[in-house]
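Shown next, in C-alpha cells, is the structure this report addresses.
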Amino acid sequence: MAHSENAAQIARMHESAKKIFFFGDHQSGKSSIVQKLMGHQDATSQSKYEESFWKVYLVEQQPHIINIIDTGSLCSPLAMQRFGSAVDCAFVLVYACDNERSFKTVERVQAQIRSLRCANSVPPMIIVCNKTDSLSNKNPQLPRLVVTQELAVKTEWGVDFVHVSARTGYGVCELAWILLQRVFNTQLDFDGLCAENSPDVSNWKKIWNFLTCQSSTPLPLLTPLAGFE
Numbered sequence: 004m005a006h007s008e009n010a011a012q013i014a015r016m017h018e019s020a021k022k023i024f025f026f027g028d029h030q031s032g033k034s035s036i037v038q039k040l041m042g043h044q045d046a047t048s049q050s051k052y053e054e055s056f057w058k059v060y061l062v063e064q065q066p067h068i069i070n071i072i073d074t075g076s077l078c079s080p081l082a083m084q085r086f087g088s089a090v091d092c093a094f095v096l097v098y099a100c101d102n103e104r105s106f107k108t109v110e111r112v113q114a115q116i117r118s119l120r121c122a123n124s125v126p127p128m129i130i131v132c133n134k135t136d137s138l139s140n141k142n143p144q145l146p147r148l149v150v151t152q153e154l155a156v157k158t159e160w161g162v163d164f165v166h167v168s169a170r171t172g173y174g175v176c177e178l179a180w181i182l183l184q185r186v187f188n189t190q191l192d193f194d195g196l197c198a199e200n201s202p203d204v205s206n207w208k209k210i211w212n213f214l215t216c217q218s219s220t221p222l223p224l225l226t227p228l229a230g231f232e
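In my numbering, the protein residues as written are 4 to 232.
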C-alpha cells in the first residue's frame, strides 16, 4: 500500500517537475558537472538527444522533483526547438574557460533560447565557466578574458554567472544553491538553512562546508526523501 501511495505521489510530482536543461559543447565539461550535482547516479532515461536524471528533494519542507536534462553536445537547431521553448524550466549553459569557441557556443545558445520566447518570458538562465582551476596554468591572458566574459554575461545578458571546476568540485554547490533559488523563485540563505531548527541542518552544514573548503566530494542538492529512492 505504501509503495503504491509513493508511486502515485511521484506521478503527481512529475507533472509539476522542475526541469533544468544543460547545454554546452563537447569540450565544456557539462556532463561532469551534472554528475557532481546528481551524486554520480545513472541516467533515468536516455535518447539520441539527451540523458535525463531525476530525484525527489525536500525544498522548504516540501517534496519536489528536480529533473536535470543533459542535452547533446552539438546544441543543434532541432534540439533547441525541442528544449528551448519548454515551460517551467531553467537553463544552465556551460563553457570551458580555456576554449573560447565553447563560449561562442553558449553565446549562440542563449540567443536562440531568447528568440524562441517573448521578451517577458525568458526562463532562469545560468552561465557556468568551467575548468577555472586551470586558469593559472594556461595562457596568462585567460583570467582577463574570463573577467570580460563575466561582465558581458551579467550586464548585457542579465543572467547569473558561476565559476566552477568539475574536476575539483569548486563552485558546484554555489551552482546548486543558485539553481534552487531561481527554479523555485525563492531566497535561500545558507546561514538560515544551517540554523539548529532547520529540518535539513546536517545536510546543509555539509553543503556549506563543501562550498567554503572546496572539497571534491560529490554531493546531491539535498538529501532524497526516504521511500522515494
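Note that CB positions come from ideal geometry on N, CA and C, so glycine has one too.
| Three or more C-beta pairs below 8 Å linking the stretch 22 to 36 and the stretch 104 to 121 | yes
| Rounded C-alpha distance that separates Trp57 from Asn70 | 4 Å
| message | Output needed for Asp136: all residues of its chain with C-beta closer than 8 Å, excluding positions within five of it in sequence on either side, in chain order. | response | Ser168, Arg170, Thr171, Tyr173
| task | Please list, in chain order, all residues of the same chain as Pro127 whose beta carbon is under 6 Å from its beta carbon, the five residues on each side excluded. | result | Ala93, Arg185
| query | Which residue or residues does DSSP assign as beta-bridge partners of Ser19? | reply | Bridge partners of Ser19: none, in fact.
| request: Report buried or exposed for Thr151, applying the criterion of at least 16 other Cβ atoms within 10 angstroms of its Cβ. | output: exposed
| Can the beta-carbon of Leu145 be found less than 8 Å from the beta-carbon of Asp73? | no
| When Leu182, Val175, Cys176 are compared against Val162, the one with the closest alpha-carbon | Leu182
| Taking just the CA atoms, how far does Ser31 sit from Gly75? | 12 Å
| query | According to DSSP, which residues form a beta bridge with Asn102? | reply | Answer is none; Asn102 lacks a bridge partner.
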